[in-house]
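Numbering (this note's numbering), first residue to last: 236 to 677. Even for Gly, the Cβ is constructed at its ideal location relative to N, Cα and C.
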C-alpha cells in the first residue's frame with residue numbers, strides 16, 4: 236500500500252468522524268494490470284491499467300450510505316465526506332446496519348502466500364501467448380484461433396474503520412486463456428482452456444494449455460442430437476462448480492433473511508447424501524479467493540458448510556448475522572457489504588472419474604453449459620448443455636443442443652463425487668455424477 240493512499244484513507248476517516256458520523260469505514264483499492272493477446276502468430280492487443288480508488292461507508296442513526304471516488308485530491312475527498320453525510324439523512328433506516336464488534340476483528344500476521352514477486356513485461360506475456368497458440372494449432376484438425384491471452388495483476392485492499400480496524404492485504408494473479416476452432420465450413424466447433432493462479436509457476440506450461448484447448452475442440456467435431464430421456468448425468472470439473480454456485484445463493488444470509496432462499500428452512504437438515512462434505516476455507520495458501528479478513532475486517536476461518544450431507548452454516552456478514560440473531564461468519568464482500576463465499580468446494584470422493592463413467596450404461600457427460608433457468612424459491616433447475624453421450628461406460632460421441640433439468644434438492648441428494656478435485660476458481664468441485672436427470676433433446 237503506497238503511503239500516499241494510506242494517508243488519504245486515514246485523513247478521510249478522521250474527517251468523517253469530526254463531522255459527527257457515529258461509525259465510519261474507509262476502503263482503499265490500488266491495482267495494476269497487464270494483458271497481452273496474440274492471434275495467428277501476431278501480437279493483437281496490449282492493455283495496461285493502473286487505478287486507485289477510495290470508498291466511504293457512513294453509518295449514522297441506523298442509516299448507512301456508501302460513496303466512492305477515483306479522484307483522490309483533498310478537495311474531492313472533502314466533498315465526498317460532506318456529500319455522504321448529507322445523503323445519509325435521506326436514506327431509509329436499517330436497524331441491522333453497523334460495524335462489527337472489536338472482538339470479531341482480525342488481529343494477526345497470517346501469511347497465505349498471496350503475492351508472487353515476478354512482474355512480467357509485454358514480451359514475457361506475448362511469448363507465452365504465442366507458445367500456447369502454436370501448441371494448439373499444431374494439433375491435426377485445428378483450423379483457426381480466436382486468440383491466446385496472458386495477463387498479470389497486482390491488487391491491494393486496505394480497510395480503516397472507526398472501530399479501530401486498520402489493515403490491508405495484497406494479492407497477485409496470473410491467467411492464461413486460449414480459444415481455437417476445429418473443422419471447416421458448417422462443421423466447425425470451438426473450445427477453450429482458461430487458467431488463473433496466484434503464482435505464475437502454478438499455471439500449466441503454455442504447451443500444455445494449448446494442447447488441452449486443441450484436443451477439446453477436436454473432440455467436439457460431428458456432434459449428434461439425442462432423444463429426450465431420463466438418465467444419469469456426469470458434470471465435468473469445468474462445470475461441476477456451477478452446482479455449488481446455486482448452493483452459495485441459497486445459503487447467503489441475505490436470501491435467508493429475506494425468506495427467498497430454497498434452503499431457508501433446511502439448516503441442520505440433510506440436503507445431500509451422507510458422502511458429501513462442503514467446505515468454505517478462506518485460509519488456503521495461494522487459494523483463488525483466500526483472504527485473511529473480510530471487507531468489514533472480521534477474521535476469517537475454515538467452515539464446514541455441509542458435513543455428511545447435513546447443512547450446518549449460512550454465510551453471513553454483520554448485517555445479515557444481526558437479522559438472523561447469529562454471528563458473522565467473516566464473509567462480507569464489497570461496500571456496502573454483502574455475504575460472499577471464499578474458497579468453497581465439495582470434498583473429493585474415493586472413486587476415480589473413469590470408474591464413475593464405467594458405472595453408467597446409458598447417460599450424458601456434460602463439458603459445457605449455457606443459459607440458466609433456476610427458481611430460487613422452489614429449486615427447479617434447467618440449463619442448456621453440450622458434452623458426450625455415454626454408452627456402456629464410454630463416451631461414444633459428442634452431443635449438442637440439449638437441456639438438462641431437475642430439482643436442485645433432488646439433484647443434491649443423488650450426487651456422487653469423484654476423487655479429482657482441483658482448486659481452479661474458488662468455487663470448485665470434482666467430477667460429479669447425478670443419478671437421474673431429464674435430458675431434453677429431439
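In chain order, what residues of the same chain have a beta carbon less than 6 Å from the beta carbon of residue 268, not counting five sequence neighbours either side?
-> 284, 388
So is residue 422 buried or exposed if we call it buried at 16+ other beta carbons inside 10 Å?
-> exposed
Spatial distance of residue 396 from residue 549 (CA atoms) | 25 Å
Please confirm whether residue 639 and residue 468 have their CB atoms less than 7 Å apart.
-> yes
Hey, quick one: how far does the alpha helix (DSSP H) through residue 369 stretch, first residue to last?
-> 357 to 372
C-alpha gap between residue 587 and residue 655, whole angstroms | 7 Å
Let me know the secondary structure DSSP gives residue 236 once reduced to three states.
-> Any reading at residue 236 is ruled out, since the residue's pLDDT is 47, under 50, leaving its predicted position unreliable.
Residue 315 and residue 308: beta carbons closer than 7 Å?
-> no
Could one say the Cβ of residue 411 lies closer than 7 Å to chain C's Cβ atoms, at least one of them?
-> Among the chains in the structure shown there is no chain C, since it carries only a single protein chain.
Residues that DSSP places opposite residue 389 in a beta bridge | 267, 407
So residue 685 packs on residue 540, CB below 8 Å; how close in whole Å?
-> Residue 685 lies beyond the residue range present for the chain, which begins at 236 and ends at 677; the question has no answer from this structure.
Assuming residue 577 and residue 567 make a contact with CB atoms under 8 Å, what is their CB distance in whole Å?
-> With 8 Å as the limit, residue 577 and residue 567 do not qualify as a contact, their Cβ atoms being about 11 Å apart.
Helix, strand or coil for residue 560 per DSSP?
-> coil
3 or more residues per run - each beta strand (DSSP E) lying fully within the segment 296 to 354 | 298 to 304
Please name the residue, chosen from 615, 562, 376, that lies closest to residue 455 on a Cα-to-Cα basis.
-> 376
When 560, 564, 628 are compared against residue 591, the one with the closest alpha-carbon = 628
Three-pair Cβ contact test at 8 Å for the segment 332 to 351 versus the segment 365 to 374 = no
Does the segment 595 to 604 come close enough to the segment 472 to 483 that 3 or more CB-CB pairs lie under 8 Å?
-> yes
Residue 518, DSSP secondary structure in three states | coil
Measuring alpha carbon to alpha carbon, tell me which of 556, 563, 517 ends up nearest residue 533.
-> 563
Within the same chain, show all residues whose beta-carbon is closer than 6 Å to that of residue 383, passing over the 5 residues directly before and after it, in chain order.
-> 273, 364, 367, 368, 413
Curious, which full-length beta strand (DSSP E) runs of at least 3 residues does the segment 473 to 503 contain?
-> none
In three-state DSSP terms, what is residue 441?
-> helix
Element boundaries [beta strand (DSSP E), containing residue 626] = 615 to 626
Check the C-beta distance from residue 544 over to residue 652 and give it rounded, since I have them as a contact under 8 Å.
-> That pair is no contact at about 12 Å.
In terms of alpha-carbon separation, which member of 595, 551, 501, 522 lies closest to residue 647?
-> 501
Can you grab the Cα-Cα spacing for the pair residue 277 / residue 677, in whole Å?
-> 43 Å
Helix, strand or coil for residue 452 per DSSP?
-> helix
Residue from 385, 659, 649, 484 whose Cα sits closest to the Cα of residue 282 = 385
So what does DSSP say about residue 253, is it helix, strand or coil?
-> helix
Residue 422 - containing beta strand (DSSP E), residue span = Residue 422 -> no beta strand (DSSP E), and no H or E assigned at all.
What first and last residue would you give for the beta strand (DSSP E) that runs through residue 591?
-> Note, residue 591: premise wrong, no beta strand (DSSP E); alpha helix (DSSP H) at 588 to 593.
Applying the criterion that 16 or more other CB atoms from any shown protein chain within 10 Å of the CB defines a buried residue, is residue 250 buried or exposed?
-> buried
Give the range of the beta strand (DSSP E) segment to which residue 668 is assigned.
-> 667 to 675
Of the choices 292, 378, 505, 430, whose alpha-carbon is the least far from that of residue 571?
-> 292
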